[in-house]
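> Numbering (this note's numbering), first residue to last: 18 to 285.
Positions of the beta carbon are idealized from the N, C-alpha and C atoms, including for glycine.
Below is one structure. I have some questions about it.
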Ligand code: DGL
């Protein structure tokens with residue numbers, strides 16, 4: 018069986034790459050829903066529907082034992098319902114994990130008292146970071162700013178504009194004296210170093226590429242019954258719901274090598 022990594026598009030490749038650095042031989046299927054990206058301005062119903070279809074594909078066609086929803090927006094819209102309704106009915110022995118709680122746990126462990134968060138409009142409007150943070154430690158404050166231009170810039174060679182736009186998004190948070198910044202979207206790990214330059218060396222940046230692999234590794238060590246069912250022959254498959262040449266080029270920048278994507282046949 019395999020590990021599944023799902024994202025709304027290409028940003029999850031950053032997470033996939035860092036997961037494979039941490040657990041190099043794990044058999045993995047990546048699925049990016051390029052046909053419907055971006056999720057960040059969509060409705061809950063649409064995001065849930067697309068996410069359920071993707072999860073179905075990874076379980077039924079790819080024999081995944083465990084799926085990480087790397088997309089913050091999909092985690093916000095769908096994770097709870099998938100875990101509480103979908104899994105018990107359809108795949109009671111398999112698991113789906115999200116990225117929001119592990120990210121907040123890392124922030125709390127780093128003793129951050131006032132967290133800044135940039136994310137998509139949907140993720141912020143859902144309140145998921147605030148709700149989950151309250152459960153982890155109600156004394157920690159959260160201040161947020163939506164950063165809708167970052168995904169299109171990262172996906173379309175927008176490097177020359179990234180610093181200025183990122184600064185515009187981070188500045189209002191910096192003025193509120195945050196002592197840590199969460200990059201709450203798969204793509205944003207791409208601007209991790211720029212964010213550090215903007216904030217200076219004393220404010221930690223919480224990038225999911227640095228958090229999720231270690232958390233996943235720990236999860237697998239704590240759940241050997243799951244870990245033992247996932248094969249480790251270094252087999253990797255990359256699927257998109259829409260495949261065009263530009264995605265192979267984009268993967269070179271985001272993943273570090275051109276990927277030969279297969280088309281996932283998913284009826285939505
Ligand atoms: N992958 C999404 C996330 O992590 C961002 C891109 C989108 O809007 O689909 O929130």
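With a threshold of 6 Å (Cβ to nearest heavy atom), would residue 56 be considered close to the ligand DGL?
The answer is yes for residue 56.
> Measure from the alpha carbon of residue 200 to the alpha carbon of each residue in 18, 20 and 28, then state which is nearest.
Closest by alpha carbon: 28.
> Contact between the stretch 241–249 and the stretch 215–229: three or more CB pairs below 8 Å?
No, the stretch 241–249 is not in contact with the stretch 215–229.
> By the three-class DSSP mapping on this structure, what secondary structure does residue 45 have?
DSSP places residue 45 in strand when its eight states are reduced to three.
> Apart from the five residues on each side of it in sequence, which residues of its chain come closer than 7 Å, Cβ to Cβ, to residue 18?
Excluding positions up to five away in sequence, the list reads 80, 81, 82, 246, 247 and 248.
> Indicate the three-state DSSP secondary structure (helix, strand or coil) for residue 132 in the structure shown.
The answer is strand: DSSP assigns residue 132 an E or B state.
> Just to confirm the assignment, what range does the beta strand (DSSP E) spanning residue 21 have?
From DSSP, the beta strand (DSSP E) with residue 21 extends over 19–24.
> Considering only residues of the stretch 40–125, which uninterrupted beta strand (DSSP E) runs meet the minimum length of 3 residues and lie entirely inside it, listed in chain order?
Qualifying beta strand (DSSP E) stretches, in chain order: 45–49, 81–86 and 112–114.
> Between 185, 157 and 36, which has its C-alpha nearest residue 129's C-alpha?
The option with the nearest alpha carbon to residue 129 is 157.
> State the Cα-Cα distance for the pair residue 58 and residue 89, rounded to the nearest angstrom.
Approximately 13 Å between the Cα atoms of the pair.
> Based on the DSSP secondary-structure assignment, which residues constitute the bridge partners of residue 253?
Residue 253 is bridged to 45.
> Does the beta carbon of residue 137 fall short of 6 Å from some heavy atom of the ligand DGL?
Yes; taking the cut-off as 6 Å, the Cβ of residue 137 has a heavy atom of the ligand DGL nearer than that.
> To the nearest whole angstrom, what separates the beta carbons of residue 56 and residue 139, a pair I think is in contact under 8 Å?
At roughly 7 Å, the Cβ-Cβ gap stays under 8 Å, so residue 56 and residue 139 are in contact.
> Can you list the alpha helix (DSSP H) stretches of 4 or more residues lying completely in the stretch 198–277, in chain order?
As far as the stretch 198–277 is concerned, its whole alpha helix (DSSP H) runs of at least 4 residues are 209–216, 225–239, 241–244 and 262–272.
> Tell me which same chain residues have a C-beta within less than 6 Å of the C-beta of residue 253, skipping the five on either side of it?
Hits under 6 Å: 45.
> So, is residue 92 buried or exposed, given that buried needs 16 or more other C-beta atoms within 10 angstroms?
Classification of residue 92: buried, given that the 10 Å Cβ count is 16 or more.
> How is residue 279 classed by DSSP in three states: helix, strand or coil?
Note: residue 279 maps to strand in three-state DSSP.
> Quick check on the DSSP output: the alpha helix (DSSP H) that includes residue 163 runs from which residue to which?
That residue, residue 163, is in no alpha helix (DSSP H); its beta strand (DSSP E) goes 158–163.
> Should residue 251 be labelled buried (16 or more other beta-carbon atoms within 10 Å of its own) or exposed?
By the 10 Å Cβ count, residue 251 comes out exposed.
> In this structure, how does DSSP classify residue 137 when only helix, strand and coil are distinguished?
Residue state, collapsed to three classes: coil.
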